[in-house]
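Number of protein chains: 2
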Amino acid sequence: MPPPRRRATITDVAAAAGVAASTVSRAFTRPGRVNHATQARIMEVAAELGYAPNPAARALESGRTNTLALVVPDVTNPYFAGVIKGAERATATAGLTLVIADAQENPATEEQIVTRLGPAVDGFVLTASRLPDDALRRAAELNAVVLVNRAAPGLACIVSDFDTGARQIVDHLASLGHRALVYLGGPAESWSGARRWAGLRAAAQQAGMGATRFGPYTPTFASGPAAADAVLAAGATAVVAHNDILAIGVMTRLADRGVVVPDQVSVVGFDDIFGSDFCHPPLTTLAERTEDAGARAVETLVALGPAGRADRDVAPRVLPTQLVVRRSSGLAVS
Amino acid sequence: MPPPRRRATITDVAAAAGVAASTVSRAFTRPGRVNHATQARIMEVAAELGYAPNPAARALESGRTNTLALVVPDVTNPYFAGVIKGAERATATAGLTLVIADAQENPATEEQIVTRLGPAVDGFVLTASRLPDDALRRAAELNAVVLVNRAAPGLACIVSDFDTGARQIVDHLASLGHRALVYLGGPAESWSGARRWAGLRAAAQQAGMGATRFGPYTPTFASGPAAADAVLAAGATAVVAHNDILAIGVMTRLADRGVVVPDQVSVVGFDDIFGSDFCHPPLTTLAERTEDAGARAVETLVALGPAGRADRDVAPRVLPTQLVVRRSSGLAVS
DNA sequence: CGTCACGTGGCAAGCGTTTGCCATTTTTGC
DNA sequence: GCAAAAATGGCAAACGCTTGCCACGTGACG
């Protein structure tokens, strides 16, 4: 095994090519600025030496790191997979590097991430942030920040159209003859959870349907039994869960208790995650354009620039949602 | 909106606390080295100014970035969620930062990631790397590298025990009366795919069972129909898929064609991903300790040090697997 | 009371790059 | 051919931090 090779620096390349370091630097950053022949020679030598510019040194001088951070509450949650994918794609297109950080559903962890990573990145995409408004404002003073599925005064954000989405769900259930619905709420700090419930309640009222909120439940498979039992105890015929994972957990418990979905209870979720098409029965759910959301967020961040000058419109960009009707929703029991 | 505030530097803190910059630096990096009272004052001032050390500057001096990179072929693939989670946890424990990069199942992209990110990180965890051995060796000359579910001469790696796992699968199927199995192969470059097939074939031979490989298939839901149709055409009673996603895709197609799993065909997957417990029917699959793998990989990387001195044993660390029997496997049709 | 060790803090160099400024050479326009 | 302008490349400072080295002051020891 060869000794750990020292990485070639710009000076090494300069020496080998017989030019000054500054010329090498320009060859990489301002291609037009140096003579064509010199440029070619430098590039050749650089390739030969395996030279790659040191990002740390670059960042130090310019203050720009060409790195964006995406913070999600839980990387293993398939809901965020789409956001990650979209952000990843948009970042690559912009020629930047993306760092993904896991806040572990914990505001303190999230704040720590923002503090520690702050100087190392040009901006943050905070997805479903659990941080209070003033913490977000503070973060936005030091870094460009774009929110996804969370709104805060003065900050750019990308949100799904939960109002229309909720109306679609309610209309769907109403058209199946349901007269009331139960909403299984997610975490209390969840902004999107609040929006979902607000949308459902408003739409239900407009449609003359009853709407009750249960919970909060942690939106995991494991919360399914508690939620399902509560639904059965209440005698509900239609239940809308905070998200698909919870919905699937509920359906699993209902099956265990011999309750047939959708014949006896209709179940609707939010997110259309991986798995909602092959669970049993396949889940009716409100699909969000998560990949778009991630991509849009990064694009907005790039447009904002590292200073985070939000002089432009900070009006929320609203992404459409779409109700995917599968087999978990059916006619109300008469 | 306030003007974009300049980030406080170590000099600002030093000035505000009435000490030299070096003292502030030491207060952060060598707590015992400065007077207790001075230390306290510095910390207080630092907190007040919202100071956080600039990682780029730190990295420049020390050559260490305190950042590790985890490269996965596809972040949205739930199989890698466990690896990510485990790596994330171990990295946090070690007080480091983790960067996750998506190679998009593309060797060229993977190589580019390693090149571009190389100077910015202290080491790489390459998961299911598609890179050829010599590219891996080159990468390992410049950075510490640990492989997950991939082996290469001279490099540290964490692998699942596919030999034992394959034997468990074969024994299970044999005990259900199956006399032969069909393996639905994954991508040709997949190292773990090769190991899976090798293990299955060896175990089948030992058990006196037939074993045939079909494919390769891209391991996605969408490949299910093609694979399922091939299985039916061959009249197989037991099928083992390269991974759970493919297995679920196959089961979906089988259901569409009116074939009952497991009564007519038994299906077994690899990975035990999110969803394999609630698909229909729940999938029998070989569970790997993916979270452990991620954590172990990071720990190994940390132990290696930034120089990547693999003087120590580079023997593969083998992680046990476990067969999770659910309802997709049953008695062979007689 | 002198010597020594130790605790504590400052100075300054250096990490690899970028960039403003200047000097030199080449090109252009007349 | 000459002056002016453009092209090209070098010098050196700066980015924020770490760290080897040194200086100073204090307490311990003989």
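These protein sequence lines are chains A and B, in that order.
Here my numbering is used: position 187 in the first sequence is 482, and no number is missing along the way.
Here my numbering is used: position 209 in the second sequence is 504, and no number is missing along the way.
Where a beta carbon is used, it is the ideal one built from N, C-alpha and C, also for glycine.
Which word fits S317(A), buried or exposed, when buried means at least 16 other C-beta atoms lie within 10 angstroms of its C-beta?
Locating residue 317(A) in the first sequence gives position 22, where the first residue counts as 1. So S317(A) ends up on the exposed side.
Mind listing which residues of the region 304-316 of chain A have their C-beta closer than 7 angstroms to chain B's C-betas, in chain order?
none
Contact list for G413(A) against chain B, beta-carbon separation under 7 angstroms: Sequence index remark: in the first sequence, residue 413(A) carries index 118 (1-based). Result: A347.
query = Are the beta-carbon atoms of A415(A) and T360(A) separated by less than 7 angstroms?
reply = Position 120 of the first sequence, counted from the first residue, corresponds to residue 415(A). Position 65 of the first sequence, counted from the first residue, corresponds to residue 360(A). Result yes, Cβ atoms of A415(A) and T360(A) sit closer than 7 angstroms.
TODO: Measure the Cβ-Cβ separation of L626(B) and A533(B) and say whether it is below 7 angstroms.
DONE: Counted from its first residue, the second sequence places residue 626(B) at position 331. Counted from its first residue, the second sequence places residue 533(B) at position 238. Against a cut-off of 7 angstroms, the Cβ pair of A533(B) and L626(B) comes out as no contact.
| query | Is it right to say H537(A) is buried, meaning 16 or more other beta carbons lie within 10 angstroms of its own, or is it exposed? | reply | Start at 1 with the first residue of the first sequence, and residue 537(A) comes out as number 242. The residue is buried, with at least 16 neighbouring Cβ atoms inside 10 Å.
| task | State yes or no: is the beta carbon of C574(B) nearer than 7 angstroms to at least one beta carbon in chain A? | result | Start at 1 with the first residue of the second sequence, and residue 574(B) comes out as number 279. Judged by the 7 angstroms Cβ criterion, C574(B) is in contact with chain A.
Check: Does L437(A) have its Cβ less than 7 angstroms from a Cβ in chain B?
Finding: Working through the first sequence from its first residue, we reach residue 437(A) at position 142. Cβ-Cβ to chain B under 7 angstroms: yes for L437(A).
Query raised in the report: Which one of E594(A), P368(A) and C574(A) has the shortest CA to CA distance from R621(A)?
Result: In the first sequence, the residue the question calls residue 621(A) occupies position 326. Measuring from the Cα of R621(A), the nearest candidate turns out to be C574(A).
**Message:** I want to see whether chain B comes within less than 7 angstroms of T410(A), judged by CB atoms only; does it?
**Reply:** The residue labelled residue 410(A) in the question sits at position 115 within the first sequence. At least one chain B Cβ lies under 7 angstroms of T410(A).
**Study point:** Anticipated Cβ contact below 8 angstroms, P448(B) with D428(B), distance rounded
**Key:** To locate residue 448(B), count along the second sequence from 1; it is residue 153. To locate residue 428(B), count along the second sequence from 1; it is residue 133. Confirmed, Cβ separation roughly 7 angstroms.
| query | What span of residues does the alpha helix (DSSP H) with G418(A) cover, start to end? | reply | Numbered from 1 along the first sequence, position 123 holds the residue referred to as residue 418(A). Per DSSP, G418(A) belongs to no alpha helix (DSSP H); it is in the beta strand (DSSP E), G418 to T422.
Which of helix, strand or coil does DSSP assign to Y478(A)?
By one-based count along the first sequence, residue 478(A) stands at place 183. Three-state DSSP puts Y478(A) in a strand.
Scan the region 498-553 of chain B and note each continuous beta strand (DSSP E) run of 3 residues or more that stays entirely inside, going in chain order. 505-509 and 533-536
Tell me, please, whether the CB atom of E405(B) is closer than 7 angstroms to any CB atom in chain A? To locate residue 405(B), count along the second sequence from 1; it is residue 110. Closer than 7 angstroms: no.
- Query: Which of the three DSSP states, helix, strand or coil, is assigned to S561(B)?
  - Reply: For the purposes of this step, residue 561(B) is identified with residue 266 of the second sequence, where counting begins at 1. Strand, per DSSP.
Give, in chain order, every residue of the region 382-393 of chain A whose Cβ lies closer than 8 angstroms to some Cβ of chain B. E383, T392 and L393
**Study point:** Rounded straight-line distance, which links the Cα of P520(B) to that of G639(A)
**Key:** Residue 639(A) cannot be examined here, being either before or after the span of chain A that is shown, 296 to 629.
- Message: Buried or exposed, going by whether 16 or more other CB atoms sit within 10 Å of the CB of T595(B)?
- Response: Mapped onto the second sequence, residue 595(B) falls at position 300. Answer is buried; the Cβ neighbour count reaches 16.
So, under 8 angstroms CB-CB, N438(B) and F419(B) are touching, yes? Tell me the CB distance rounded to an integer number of Å. Taking the second sequence and counting its residues from 1, one reaches residue 438(B) at position 143. Taking the second sequence and counting its residues from 1, one reaches residue 419(B) at position 124. Going by Cβ atoms, the distance from N438(B) to F419(B) rounds to 6 angstroms, so yes, they are a contact pair.
*Nonlocal neighbours in the same chain, by C-beta distance under 6 angstroms from P368(B), ignoring five residues either side*: What you label residue 368(B) is simply residue 73 of the second sequence in a count that begins at 1. The answer, listed in chain order, is A398, E400 and A423.
**Message:** According to DSSP, simplified to helix, strand and coil, what is T616(A)?
**Reply:** Here the question's residue 616(A) lines up with position 321 in the first sequence. Looking at T616(A) - three-state DSSP - the assignment turns out to be strand.
Please check the pair D558(B) and A582(B), which I expect to be a contact at CB under 8 angstroms, by giving their CB distance rounded to whole angstroms. Along the second sequence, one-based indexing puts residue 558(B) at 263. Along the second sequence, one-based indexing puts residue 582(B) at 287. About 24 angstroms separates the two Cβ atoms, so there is no contact after all.
Margin query: Can you tell me which residues form a DSSP beta bridge with D397(A)?
Written below: In the first sequence, counting from the first residue as 1, residue 397(A) sits at position 102. Answer is V367(A).
**Message:** Checking 7 angstroms against the spacing of the C-beta atoms, do S623(A) and T579(A) come in under that value?
**Reply:** The residue given as residue 623(A) occupies position 328 in the first sequence. The residue given as residue 579(A) occupies position 284 in the first sequence. Cβ atoms of S623(A) and T579(A): closer than 7 angstroms.
Where E339(A) falls, given that 16 or more other Cβ within 10 Å makes a residue buried
By 1-based counting over the first sequence, the position of residue 339(A) is 44. With fewer than 16 other Cβ atoms within 10 Å, it is exposed.
- Task: Could you tell me which chain A residues have their CB closer than 7 angstroms to the CB of D397(B), listed as they occur along the chain?
- Result: Reading the second sequence from its first residue, position 102 is the one you call residue 397(B). Within 7 angstroms Cβ-Cβ: E383.
Practice task
For I337(B), return the contacting residues in chain A, with the cut-off set at a CB-CB distance below 8 angstroms.
Solution key: Here the question's residue 337(B) lines up with position 42 in the second sequence. By Cβ distance, chain A contributes nothing, its closest Cβ being about 17 angstroms from I337(B), past 8 angstroms.
Residues in the same chain with beta-carbon distance under 8 angstroms from I379(B), minus the five sequence neighbours each way, listed in chain order, please. Position 84 of the second sequence holds residue 379(B). Taken in chain order, the residues that qualify are L365, V367, V370, I395 and G589.
(message) Less than 7 angstroms between the C-beta atoms of L614(B) and S455(B), yes or no?
(response) Start at 1 with the first residue of the second sequence, and residue 614(B) comes out as number 319. Start at 1 with the first residue of the second sequence, and residue 455(B) comes out as number 160. Against a cut-off of 7 angstroms, the Cβ pair of S455(B) and L614(B) comes out as a contact.
* Note the first and the last residue of the continuous beta strand (DSSP E) segment covering T579(A). => Here residue 579(A) corresponds to residue number 284 of the first sequence, with the count starting at 1. Residues T579 to E583.
Residue span of the beta strand (DSSP E) that contains L442(B), given as start and end: As a working mapping, residue 442(B) is identified with position 147 in the second sequence. Where L442(B) is concerned, the enclosing beta strand (DSSP E) stretches over A439 to V443.
Touching or not, the region 341-359 of chain B and the region 547-554 of chain B, by the rule of three or more beta carbon pairs under 8 angstroms? no
Q.
What are the residues in the region 561-573 of chain B lying within 8 angstroms of chain A by C-beta distance?
A. F569, G570 and F573
Please classify V319(A): is it buried, with 16 or more other beta-carbons within 10 angstroms of its beta-carbon, or exposed?
Here residue 319(A) refers to the residue found at position 24 when the first sequence is read from its first residue. With 16 or more Cβ atoms within 10 Å of its Cβ, V319(A) is classed as buried.
Residues of chain A with a CB under 9 angstroms from the CB of V370(B): which are they?
Mapped onto the second sequence, residue 370(B) falls at position 75. Correct list: V370, A376, I379, K380, E383 and I395.
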